[in-house]
Amino acid sequence: MEIEKEVKKITLGHEIGAGAACLKCKDKCEGFELHFWRKICRNCKCGVEDHDVQLENEENKKVGKLFEDTKYTGLIAKLKRDGIPSYRGNQVTICIPDATISTASPVPAASFIPGSSQSSIPSAHSAHSQPAGATAAPATAIHSPSAAPAISRTPGTGRTAASVPGHSVGSSAAIPTKVPIAATTVVPAPTPVPAKTDVVKSVTYEWAPPGVNQSLALQYMELLPPARRPIAGTAGADYRKKQMAKQLPDHDQDPERCHELSPDEVKQMQQYVRKYKDEALGVGDITLPEEMGQQAGMAGERGPQGLGAGGKPGAGTIGTPGDKGDAIATMGKVGTPGAAGTSPAGPVGNFSCHRCQLPMKKGEPAVYAERAGYDKLWHPACFVCYTCTELLVDMIYFWKKGQLYCGRHYGDSEKPRCAGCDELIFSNEYTQAEGHNWHLKHFCCFDCDCVLAGETYVMENEKPVCKPCYMKIHAVCCVACQNPIEPEAQRVSYGEYHWHAEPQCFQCSCCSKCLVGQRFMAMQGMLLCSVECKKKIMAS
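Residue numbers (numbering that gives the first Met the number 0): 0 to 539.
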């Protein structure tokens with residue numbers, strides 16, 4: 000029964016993406032068919048990331064397992080059905096309003112226009128008069144479109160009267176029509192202008208930094224190279240997909256994804272995984288340099304114990320997409336907000352990027368890595384692997400000896416990696432050949448998988464190939480005898496033409512003179528020793 004389960008598990012693993020078209024080879028590939036242990040397609044030799052395979056669920060499970068049993072519990076969720084940890088991918092859609100003409104609305108004719116000489120015209124229902132003997136002065140009325148009573152002020156009186164329909168204020172009576180009043184400016188009714196609706200553009204990101212508000216997340220995205228922004232349906236989203244497969248190989252963390260490990264190798268791998276989860280694994284956080292600067296001095300006194308699971312000082316867990324603003328709000332838990340202090344980077348807020356050494360700009364998002372400490376920040380585009388210099392996918396990093404690494408190159412710095420199966424080598428015995436490391440059983444022909452120990456092989460495109468496969472697939476043919484040229488045989492090449500370096504093959508096409516070590520002319524695949532032979536060939 001246990002054997003059947005293991006066989007079924009392997010079968011299901013190889014059914015993932017079966018038959019998917021290759022995005023690189025196009026019609027030359029018959030469809031994706033996973034090699035039993037090489038992690039590539041058997042038909043075209045390309046990786047699974049180069050095929051049109053939907054791996055979102057598999058990627059989420061892979062990253063979920065990566066963070067299992069770590070302090071980053073806020074990034075994963077357990078599926079109720081099978082209990083497999085799954086990464087909660089933070090896909091977000093951000094609405095960006097475009098700058099448009101503001102909405103035009105008609106102005107009521109009775110509205111006050113600054114700079115004009117407008118007066119209120121008394122009526123039987125609303126009047127305001129001056130005391131007897133006072134000089135008539137224009138009373139400016141400001142009409143509000145709301146139902147509130149209009150407020151008017153009489154110059155020189157220091158009193159404000161409220162004009163309420165149907166009532167008079169104080170003992171004032173209606174002003175006779177003979178009393179001179181200021182000239183009234185007549186405002187023509189404006190023509191209604193159709194309002195222009197604001198245009199809102201929605202952008203969906205396959206991933207965005209969790210735990211920050213959308214404004215800060217959008218700023219972060221705009222600081223990445225345009226071709227690296229994971230916008231759905233773009234080259235940036237494809238880049239993220241490929242880097243997820245390359246930087247975080249699932250066979251670097253799960254023994255079940257490896258090929259035929261011995262019990263001792265499984266134990267060593269489990270110890271290796273436990274080590275990097277405890278000492279190296281982390282997730283970058285988005286913060287502002289000025290906010291980090293305020294806390295750097297206090298953090299030095301508190302030490303690393305003041306750090307929470309999210310890498311933000313005092314935070315308990317990584318924020319979820321709904322926890323807007325946590326990246327800034329939780330900073331104050333280490334010390335008093337706004338408290339003065341200094342950091343190894345200099346005065347408060349005067350941080351330089353740990354990679355490019357250029358200063359961090361106030362108000363622009365920066366990346367903070369808990370493992371690196373309070374004194375280090377990175378520009379979003381500088382948060383890259385020390386070895387491959389690629390952006391760290393989803394800001395997942397491995398910290399070692401003062402440098403950031405992706406999962407792959409951290410593993411390479413800890414263990415040798417097999418060039419055949421791409422797995423880390425946990426056994427004491429392995430082969431070194433052609434500048435690479437190999438499991439003893441994986442130093443095989445790249446085409447037919449036959450073991451090459453003690454056999455003649457040829458390196459073709461940095462891959463070992465046995466002699467029969469080389470002669471059948473890769474060998475070039477001699478122009479003279481039309482036979483394939485053996486790998487150990489001497490040859491002469493000129494452009495796309497090749498010859499055996501022997502008198503019977505490399506000779507003048509006119510007089511049959513041996514040209515090995517001699518000057519010659521080539522014309523349409525023919526060899527000529529002199530101008531005279533060339534003339535004879537052209538004349539014939």
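Backbone N, C-alpha and C fix where the C-beta goes; we use that ideal spot for every residue, glycine too.
Reduced DSSP secondary structure (H/G/I, E/B, other) of residue i
i	result
Pro229	coil
His408	helix
Ser426	coil
Met268	helix
Gln506	strand
Val202	strand
Ile536	helix
Glu389	coil
Asn59	helix
Leu217	helix
Ala19	coil
Gln517	coil
His50	strand
Met525	strand
Leu376	strand
Leu260	coil
Gly281	strand
Arg41	coil
Ala234	helix
Arg541	Residue 541 lies beyond the stretch modelled for the chain, which goes from 0 to 539, so this question has no answer here.
Cys384	coil
Arg416	strand
Val91	strand
Ala432	strand
CB of residue i within 9 Å of CB of residue j, strictly
i	j	result
Glu58	Lys240	yes
Ile384	Ala365	A small correction: the amino acid at residue 384 is Cys; Ile does not occupy that position in the sequence shown. Their beta carbons are not under 9 Å apart, which means Cys384 does not touch Ala365 by this criterion.
Cys476	Pro483	yes
Phe35	His258	yes
Phe397	Ala279	yes
Tyr496	Gly524	yes
Val272	Gln252	yes
Gly494	Ala538	no
Cβ-based neighbour list, residue i, same chain, cut-off 7 Å, excluding 5 preceding and 5 following
i	result
Cys507	Leu514, Leu526, Leu527, Cys528, Cys532
Cys465	Cys444, Cys447, Cys449, Leu451, Glu454, Tyr456
Gln267	Phe425
Leu357	Ser351
Arg227	Gly235, Tyr238, Leu390
Trp377	Cys352, His353, Arg354, Ala365, Val366
Phe519	Leu526, Leu527, Cys528
Lys399	Ala279, Tyr409, Ser412
His435	Ala418
Contacting residues, own chain, Cβ-Cβ under 8 Å from residue i (five flanking each side not counted)
i	result
Leu247	Lys61, Val62, Leu65, Val392, Ile395, Cys405, Gly406, Arg407
Arg37	Gly419, Cys420, Asp421
Trp206	Gly88, Asn89, Gln90, Pro229, Arg239, Asp393
Pro463	Ala432, Glu433, Phe442, Cys443, Cys444, Phe445, Leu451, Tyr456, Val457
Ala474	Pro483, Ile484, Glu485, Pro486
Gln269	Pro254
Lys512	Gln506, Cys528
Supposed contact pair residue j and residue i - C-beta distance, whole angstroms, cut 8 Å
i	j	result
Tyr219	Ile285	6 Å
Leu287	Gly210	Not really, about 14 Å apart at Cβ, beyond 8 Å.
Leu33	Cys40	7 Å
Lys414	Leu403	About 19 Å; that fails the 8 Å criterion.
Ala244	Glu48	4 Å
Cys510	Cys480	Wrong, their Cβ atoms sit about 18 Å apart, outside the cutoff.
Thr69	Lys276	5 Å
Gly283	Ala368	5 Å
Pro379	Leu260	Actually they are not in contact, since the Cβ atoms of Pro379 and Leu260 sit about 38 Å apart, beyond 8 Å.
6 Å CB neighbourhood of residue i in its chain, flanking five on each side removed
i	result
Gly30	Gly18
Val52	Gly16, Ala19
Glu300	Interpretation of Glu300 is limited by its pLDDT of 45, a score under 50 that renders its predicted location unreliable; the figure taken from the coordinates is listed afterwards. Correct list: empty, nothing qualifies.
Gly310	Its pLDDT being 42, under 50, Gly310 is placed unreliably by the model, and the measurement read from it follows with that caveat. Answer for Gly310: Asp284, Glu369, listed in chain order.
Val491	Trp498, Ala500, Phe505
Met470	Pro483
Glu459	His473
Asn42	Cys28, Glu29, Glu32
Lys375	His353
Gly46	Ile39
- Message: For a minimum of 3 consecutive residues, which ranges assigned as the beta strand (DSSP E) are wholly contained in the region 443-505?
- Response: 456-459, 462-465, 490-493, 496-499
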